[in-house]
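J.: In the working numbering, the protein residues as written are 18 to 634.
All C-beta atoms in this analysis are idealised placements derived from N, C-alpha and C, irrespective of residue type, glycine included.
Right, I'll just put the structure down here and ask away after.
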Ligand code: BES
Ligand code: ZN
């Protein structure tokens with residue numbers, strides 16, 4: 018029997034399962050709350066079923082009914098990141114297989130961890146407020162009382178009332194709209210998600226949104242200021258979707274739209290079904306960061322169809338998704354490019370292992386998350402140790418064409434369900450039943466239950482990485498008198514991918530002398546690059562070399578956009594420069610109120626700021 022407990026949820030999945038959600042949301046920008054009501058269709062999984070527990074976080078529960086009859090409820094004590102259990106007693110018993118409709122009326126808190134409420138000033142258009150959600154990993158419960166675990170899948174229908182100047186979109190298919198009968202100043206938007214999915218994929222955005230069609234099943238959405246730029250940047254989307262379908266089978270979600278969020282969106286991308294969320298930092302102007310879209314598209318199979326049963330098995334989502342992302346790149350750019358990206362990934366893994374510490378159990382591929390907030394555990398480990406394991410198995414089992422067959426069958430077998438690492442591994446042994454002797458030689462404990470770098474380093478083709486490695490070596494070995502040997506043309510032949518790789522390699526070395534980074538700026542003009550992957554790495558290098566002029570630029574980038582991949586290392590780097598430690602803290606405290614709740618919480622921990630510290634420093 019598979020595990021039926023989730024260390025991140027109060028609910029019990031052996032006793033009952035949610036099959037459908039019907040949401041009614043009234044978006045109140047003046048109070049920054051959702052006034053809401055949800056009907057959960059819940060199936061009893063045992064006889065004499067008469068009570069259940071839902072996950073909530075900072076919700077005000079107004080009333081609960083079961084099939085229309087009032088039901089008793091109580092809230093338990095609040096847990097730091099899990100929130101508050103909502104215990105409900107039904108006024109009747111159900112037998113196994115019967116359903117009940119539980120209706121919960123509630124209101125969210127202005128500080129709901131899933132939501133960021135932006136003032137008009139914080140938007141591109143400056144005229145209208147904006148709301149967006151980010152539910153992964155455990156934040157859906159701050160927006161909807163539910164069984165907030167990736168082990169539970171349900172369909173959903175939503176009706177969302179918003180001021181009529183604004184547009185609402187959700188992670189579902191649009192199902193019409195109408196004037197709000199209660200208020201002529203508002204419109205109700207309707208959405209339908211017919212494919213069962215976990216709660217962390219519920220997503221909503223409300224703002225002055227516009228859209229443009231870029232493919233037969235794709236529109237890009239954003240404030241009007243970014244629509245054309247986004248349409249250009251993501252023009253390869255349909256090719257990527259077709260490539261993915263060729264690799265792993267049909268795309269079952271109907272629409273595939275992309276929404277470009279305001280700069281405070283904390284991630285690069287988020288695979289919300291039918292509507293990928295993307296950071297505006299992907300708008301590099303040259304499509305060079307489109308791998309993030311290939312990644313989110315890939316989640317339509319690995320993550321959204323086949324889902325990790327708990328966040329301890331997060332590598333099943335992200336490792337397979339990085340594997341597919343790089344298979345799409347292999348089809349579109351060639352095998353050498355995939356190899357180049359795999360080398361970059363190994364280095365990202367090395368970075369994460371260095372920051373967490375090589376003995377830190379959170380660097381296990383399958384960590385124990387009892388009493389651990391998945392947001393705190395987040396790193397490149399599930400992505401890149403996961404990818405490295407799959408690539409290692411690909412080599413052992415006979416190459417990419419053979420291994421993608423396994424991935425496709427794994428998806429077919431487990432589609433519409435949630436899986437553990439053991440179930441994945443059992444199927445691997447079944448699929449490759451003729452090669453069990455080879456699989457038995459894999460150091461499974463080393464790969465999965467041991468911290469630090471993997472037990473085997475796969476061999477990668479270095480053709481595209483060689484130029485980056487060579488230039489990095491020249492700079493790290495250069496004496497002051499050698500600096501005149503560097504030329505503007507050193508970087509002219511590097512692609513932006515290679516420039517990123519060159520800077521990443523330098524970040525793994527000891528800090529360069531100040532004279533070196535100043536020379537680098539003089540020759541390569543790196544300060545003028547606006548590509549966020551380049552700019553963030555360059556500014557980190559400058560701060561490490563104690564170049565004081567770079568401090569304002571680093572803090573500006575850390576606050577002008579809020580993608581945690583950039584914001585956290587930039588703040589941390591300035592914080593580690595003793596002379597500017599207080600400045601880092603001061604800038605953080607000054608911006609904290611306008612930051613995304615998850616980002617501000619994690620940066621506060623990084624900078625050792627406690628929750629109560631005010632901005633009067
Ligand atoms: N699902 C993740 C983002 C995420 C993970 C949000 C955990 C909250 C908790 C998304 O698919 C992702 O991995 N995004 C990456 C893209 C990259 C690996 C190409 C990102 O945000 O940078
Ligand atoms: Zn992902």
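With which residues is residue 72 paired in a DSSP beta bridge?
T.: Answer by DSSP bridge pairing, in chain order: 102 and 163.
J.: Taking the C-alpha atoms as reference points, what is the distance between residue 26 and residue 387?
T.: Their backbone Cα atoms lie some 10 Å apart in a straight line.
J.: Classify residue 453: buried if its beta carbon has 16 or more other beta carbons within 10 angstroms, exposed otherwise.
T.: Residue 453 comes out exposed.
J.: Just how far apart, CA to CA, sit residue 225 and residue 202?
T.: Distance between the alpha carbons of residue 225 and residue 202 is about 15 Å.
J.: What are the boundary residues of the beta strand (DSSP E) that includes residue 185?
T.: Unbroken beta strand (DSSP E) run through residue 185: 184 to 187.
J.: Which residues mark the beginning and the end of the beta strand (DSSP E) in which residue 263 is found?
T.: Where residue 263 is concerned, there is no enclosing beta strand (DSSP E), although the alpha helix (DSSP H) it sits in stretches over 254 to 265.
J.: Looking at the strands, I want to know which residues DSSP matches up with residue 178.
T.: For residue 178, which the question treats as bridged, DSSP gives the partners 43 and 205.
J.: Between residue 159 and residue 131, which are expected to be in contact by the criterion C-beta below 8 Å, what is the C-beta distance as a whole number of angstroms?
T.: That pair is a contact at about 5 Å.
J.: Among 272, 244, 351 and 166, which one has its Cα closest to the Cα of residue 211?
T.: Nearest of 272, 244, 351 and 166 to residue 211, Cα basis: 272.
J.: Between which two residues does the beta strand (DSSP E) carrying residue 116 extend?
T.: Here the beta strand (DSSP E) through residue 116 covers 116 to 124.
J.: For residue 309, collect the residues of the same chain with a Cβ closer than 6 Å to its Cβ; drop the 5 residues on either side in sequence, then sort them by chain order.
T.: Excluding residues within five positions, the ones whose Cβ falls inside 6 Å are 285, 286 and 299.
J.: Just curious, the beta strand (DSSP E) that residue 132 is in, first and last residue?
T.: Note, residue 132: beta strand (DSSP E), 132 to 135.
J.: Look at the Cβ atom of residue 529, then the Cβ atom of residue 554, and state whether they are nearer than 9 Å.
T.: Not in contact: residue 529 and residue 554 (Cβ atoms no closer than 9 Å).
J.: With respect to 8 Å, is the separation between the Cβ of residue 582 and the closest non-hydrogen atom of the ligand BES below this value?
T.: Residue 582 Cβ: within cutoff of the ligand BES.
J.: Within the structure, which residues are defined as neighbours of the ligand BES by a Cβ-heavy atom distance below 6 Å, reported in chain order?
T.: Going along the chain, the residues that qualify are 153, 154, 284, 285, 286, 287, 288, 308, 309, 312, 313, 316, 335, 395, 400 and 582.
J.: When we look at the beta-carbon of residue 449 and count the other beta-carbons within 10 Å, is it buried (16 or more) or exposed?
T.: Buried is the call here.
J.: Is DSSP giving residue 20 helix, strand or coil here?
T.: Low per-residue confidence applies at residue 20: pLDDT is 46, beneath 50, and the placement is therefore not dependable, though the value from the model is reported in the following sentence. Three-state result, residue 20: coil.
J.: The alpha helix (DSSP H) with residue 489 in it runs from where to where?
T.: Unbroken alpha helix (DSSP H) run through residue 489: 483 to 494.
J.: What does DSSP give as the partner residues of residue 550 in its beta bridges?
T.: Residue 550 pairs with nothing; no bridge assigned.
J.: Tell me whether residue 638, by its Cβ, gets closer than 8 Å to a heavy atom of the ligand ZN.
T.: Past the boundaries of the shown model lies residue 638; the chain is included only from 18 to 634, so the question cannot be answered.
J.: Who are the Cβ neighbours of residue 88 in its own chain at under 8 Å, not counting the five residues just before and after it?
T.: These residues qualify, in order along the chain: 81, 82, 105, 106, 107, 108 and 119.
J.: Just grab the DSSP bridge partners of residue 173 for me.
T.: The partner list for residue 173 (beta bridge, DSSP) reads 38 and 210.
J.: Report the rounded CA-to-CA distance for residue 59 versus residue 113, giving the unit in angstroms.
T.: The straight-line gap from Cα to Cα measures roughly 11 Å.
J.: What is the DSSP secondary structure of residue 613, counted as helix, strand or coil?
T.: Here residue 613 sits in coil by DSSP.
J.: Is it true that the region 351 to 363 meets the region 458 to 469, where meeting means three or more beta-carbon pairs spaced less than 8 Å apart?
T.: Because the criterion of three Cβ pairs below 8 Å is not met, the region 351 to 363 and the region 458 to 469 do not touch.
J.: Look at the alpha carbon of residue 558 and the alpha carbon of residue 616, and state the distance between them as a whole number of angstroms.
T.: Straight-line Cα distance between these residues: approximately 22 Å.
J.: What separation, rounded to the nearest whole angstrom, lies between the Cα atoms of residue 169 and residue 548?
T.: Whole-angstrom Cα-Cα distance: 39 Å.
J.: Please check the pair residue 233 and residue 335, which I expect to be a contact at CB under 8 Å, by giving their CB distance rounded to whole angstroms.
T.: That pair is no contact at about 29 Å.
J.: Following a CB-centred definition, is residue 296 positioned closer than 8 Å to any heavy atom of the ligand ZN?
T.: No, the Cβ of residue 296 stays beyond 8 Å of every heavy atom of the ligand ZN.
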